[in-house]
Structure formats: structure tokens, C-alpha cells
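Participant:
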Amino acid sequence: MRSSVCLRAVANAVNLSTATGLLLAGLTRTPVEKGPDGLILGTGYQPKLPLAGAFTVGNVIFYRADRAFIDSRPDLLVHESGHSTQYAWCLGLPFLPLYAACAAWSLWRTGDPGSRNFFERNAGLTLGGYRELPTIARLPLIRNQLRRFAVNKSRDNNTH
Numbered sequence: 001m002r003s004s005v006c007l008r009a010v011a012n013a014v015n016l017s018t019a020t021g022l023l024l025a026g027l028t029r030t031p032v033e034k035g036p037d038g039l040i041l042g043t044g045y046q047p048k049l050p051l052a053g054a055f056t057v058g059n060v061i062f063y064r065a066d067r068a069f070i071d072s073r074p075d076l077l078v079h080e081s082g083h084s085t086q087y088a089w090c091l092g093l094p095f096l097p098l099y100a101a102c103a104a105w106s107l108w109r110t111g112d113p114g115s116r117n118f119f120e121r122n123a124g125l126t127l128g129g130y131r132e133l134p135t136i137a138r139l140p141l142i143r144n145q146l147r148r149f150a151v152n153k154s155r156d157n158n159t160h
């Protein structure tokens with residue numbers, strides 16, 4: 001195993017994110033098996049949340065599909081492996097609120113939680129099945145709302 005992959009596995013063991021992933025697998029009765037590069041693959045994940053077809057917790061990658069699907073989508077495994085590395089960068093579970101904030105930003109900017117999400121972009125948008133979407137020009141809309149508010153406020157002040 002490469003040293004970077006070893007370091008990621010150790011970091012995610014120490015920061016307890018992999019243990020959390022294994023706990024989630026146990027609680028949801030998701031079968032796990034050893035995967036490449038120190039990853040653990042969970043197949044047939046059943047709960048409705050999260051909505052994704054695949055997601056990662058530490059070094060545990062959850063799929064709603066079976067192993068044949070995983071083997072047929074090596075790009076998706078590379079993408080999810082990138083998220084595993086991000087858990088190590090974020091010192092474990094702080095990844096989750098940081099990811100949620102980036103998803104909210106992306107949703108606000110594009111209408112999609114992945115397109116402008118730092119973590120999805122860093123893991124490879126197209127590898128994960130995401131599309132690059134144009135941003136929505138929200139600042140002019142906010143500026144216009146603020147101007148209308150200021151004009152209405154000034155009218156109210158002048159009438160008193």
C-alpha cells in the first residue's frame with residue numbers, strides 16, 4: 001500500500017471517522033468488505049438518507065448497489081476515495097458540517113448541492129457523476145431588494 005494511502009487509513013482510524021462509518025454499517029445492517037487502498041466497501045445500503053447513490057464516512061464507502069456495480073464504476077470509487085482523504089484533511093467528523101456548508105453554498109449558487117461544492121469539485125465532479133452548472137446571479141437581486149427597502153424606508157421617514 002502506498003504511504004499516502006496508509007497515512008489516510010491511520011488518520012481516519014485515529015480521528016474515529018472510520019469507526020463511525022463501521023458503526024453506521026452495523027446499525028444499518030450494511031454488509032462490508034475489504035476494498036482497494038485500505039478502503040472498506042459497504043454494499044446494499046438501504047436507508048433513505050443520504051439521498052446519494054454512494055457516500056463516504058472515513059475509509060468506509062457506502063453504495064446502494066452491489067459489488068458488480070462498484071467494479072463497473074471505477075471512476076466513482078476514485079471519487080469516493082477522494083472524500084475519504086478529505087475526512088483525513090478535516091480531522092474526521094468536522095468534514096460533515098463543512099461538507100454541508102459547501103453543499104448549501106453550491107445549492108444557493110447553482111440550484112445543485114454538488115456543482116459548486118468545494119469537496120465535490122476536489123474529489124472530481126465528473127468522476128462522481130456531477131455536472132458543472134452555471135451560477136445564478138443572486139447579488140443583483142439582493143442589491144435590488146435592498147434598494148427597494150431603502151427607498152420605502154426613506155418614504156416612510158418623510159411622511160412622519
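The numbering of the sequence shown is the UniProt record's numbering, which starts it at 1 and goes up by one.
Glycine included, every Cβ here is placed at the ideal spot set by N, Cα and C.
Which of helix, strand or coil does DSSP assign to leucine 125?
Facilitator: Here leucine 125 sits in coil by DSSP.
Participant: How would you call glycine 111, buried or exposed, if buried means at least 16 neighbouring beta carbons within 10 angstroms?
Facilitator: Its Cβ having fewer than 16 others within 10 Å, glycine 111 is exposed.
Participant: Compare the beta carbon distance of serine 3 and glycine 58 with 8 Å and say whether it is the shorter of the two.
Facilitator: In this structure, glycine 58 does not lie closer than 8 Å to serine 3 by Cβ.
Participant: Which one of Trp89, Arg155, Arg109, Phe95 has the shortest CA to CA distance from threonine 135?
Facilitator: It is Arg109 whose Cα lies nearest to the Cα of threonine 135.
Participant: Quick check on the burial criterion: 16 or more other C-beta atoms within 10 angstroms. Buried or exposed for arginine 143?
Facilitator: Burial call: exposed.
Participant: Between which two residues does the alpha helix (DSSP H) containing tyrosine 87 stretch?
Facilitator: Element bounds for tyrosine 87: 74-89.
Participant: Measure the alpha-carbon distance for alanine 137 versus leucine 49 and round it to whole angstroms.
Facilitator: Taking the straight line joining both Cα atoms gives about 30 Å.
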